[in-house]
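Novice: In terms of the numbering used here, the sequence shown opens at residue 1417 and continues consecutively.
The following block contains the structure, expressed as structure tokens.
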Amino acid sequence: MTGITKTDTKREINMKRFITLAVTLAAVIGLASGAMAVPRLQTYIVGSNYHNFYQQEFHSWITNSSNFDLKVVGYWNPAGSGSGGMYGCKRGQSNYDFLDTWLMLSTPMHQSGTVYVNGVEIVGFQTYVNAAPASISANPSLHRHMPAGLGRYNFQSLGRIDNDQINAYEYNHGWIGNPGWGDEILVNIVVSGYSWVHFDAVGVDSRGRTYVNPYSHDASYYATPEPGTLSLLGLGLLGMIPVLRRKKD
């Protein structure tokens, strides 16, 4: 029997190093691909701020304005990525597809108020089961996240978004970028009476599959800023009192 030589041992060590490196690279590439993926649906409030934690919210676009514009975004691929038509004029474009879209609104269960979408008052907030359109699948993520899980629901049809043009952007954790194939629907929202209103986007594609914006790409209105923000405002106002008194004197 031939014994194991130093050369064999060196080869085995090098092979283990190669396998370890390959596995590590595969994991890094996988994580990077997942991190760069843009959700098919997003909800964004124009001029809002992105908060990782805000009252009952986690990772959402938040506004305290009672009159604002909101976008429902359908996004397929980043512009310029992948292969495409002649001279790259269609680079990144997927096969044609569309999303029939709804805006899901949720309001506090035991409060009264009004919500207007494009000047039309929304009435008939119900339980999720009664409010959800028959054409969407019963996705539990729509009513099992905060603050929507504490509310009543209404679905407003917004029409169809398709991917035949570069007219969508990625609204991702506080920054806006990566124009891509898709489109955006802009609606005006006016709220009164409610302490909060939460917004999610839902869509059904040409194959009948339901898409929902992830938790990190939804949006909410809150009537008042966070308690911490109010405290800071209070400190600022208190700090102005001596100045005003000195001016009077």
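Cβ atoms here follow ideal geometry from the backbone N, Cα and C, with glycine treated the same way.
Do you know how far the Cα of Trp1492 is from the Cα of Pro1595?
Specialist: Distance between the alpha carbons of Pro1595 and Trp1492: 10 Å.
Novice: If Ala1554 and Ala1548 are in contact, beta carbons under 8 Å, what's the gap, nearest whole angstrom?
Specialist: Right, their Cβ atoms sit about 7 Å apart.
Novice: For Met1502, which three-state DSSP category applies?
Specialist: Its pLDDT being 36, under 50, Met1502 is placed unreliably in this model, and the value from its coordinates should be taken loosely. Reduced to three states, the DSSP call for Met1502 is helix.
Novice: For Trp1518, which of Leu1486, His1526, Ser1481 has the nearest alpha-carbon?
Specialist: It is Leu1486 whose Cα lies nearest to the Cα of Trp1518.
Novice: Note down, in chain order, each residue of its chain lying with its Cβ closer than 6 Å to the Cβ of Phe1474, except the 5 sequence neighbours on either side.
Specialist: Closer than 6 Å at Cβ, skipping near neighbours: no residue.
Novice: From this set, Val1539, Gly1490, Gln1472, Ile1605, which residue's C-alpha is nearest Gly1565's C-alpha?
Specialist: Comparing Cα-Cα distances from Gly1565 to each of Val1539, Gly1490, Gln1472, Ile1605, the minimum goes to Gln1472.
Novice: Hey, would you say Phe1514 sits closer than 8 Å to Ile1601, going by beta carbons?
Specialist: It is not a contact, given that the beta carbons lie outside the stated cut-off.
Novice: From this set, Ser1528, Val1539, Ser1622, Phe1469, which residue's C-alpha is nearest Ser1636's C-alpha?
Specialist: For Ser1636, the nearest C-alpha among the options comes from Phe1469.
Novice: Determine the direct distance from the alpha carbon of Gly1593 to that of Asp1621, and round the result to whole angstroms.
Specialist: Straight-line Cα distance between these residues: approximately 24 Å.
Novice: Are the beta-carbon atoms of Asn1588 and Ser1510 separated by less than 8 Å?
Specialist: Not in contact: Asn1588 and Ser1510 (Cβ atoms no closer than 8 Å).
Novice: What residues in its chain sit with their C-beta under 7 Å from that of Ala1495, if we drop five residues either side in the sequence?
Specialist: Gly1508, Ile1582, Pro1595, Gly1596, Trp1597, listed in sequence order.
Novice: What beta strand (DSSP E) runs, 3 residues minimum, are completely inside the region 1566 to 1605?
Specialist: Those beta strand (DSSP E) runs which fall completely within the region 1566 to 1605 and span 3+ residues are 1567 to 1578, 1582 to 1588.
Novice: So for Tyr1610, helix, strand or coil by DSSP?
Specialist: Note: Tyr1610 maps to coil in three-state DSSP.
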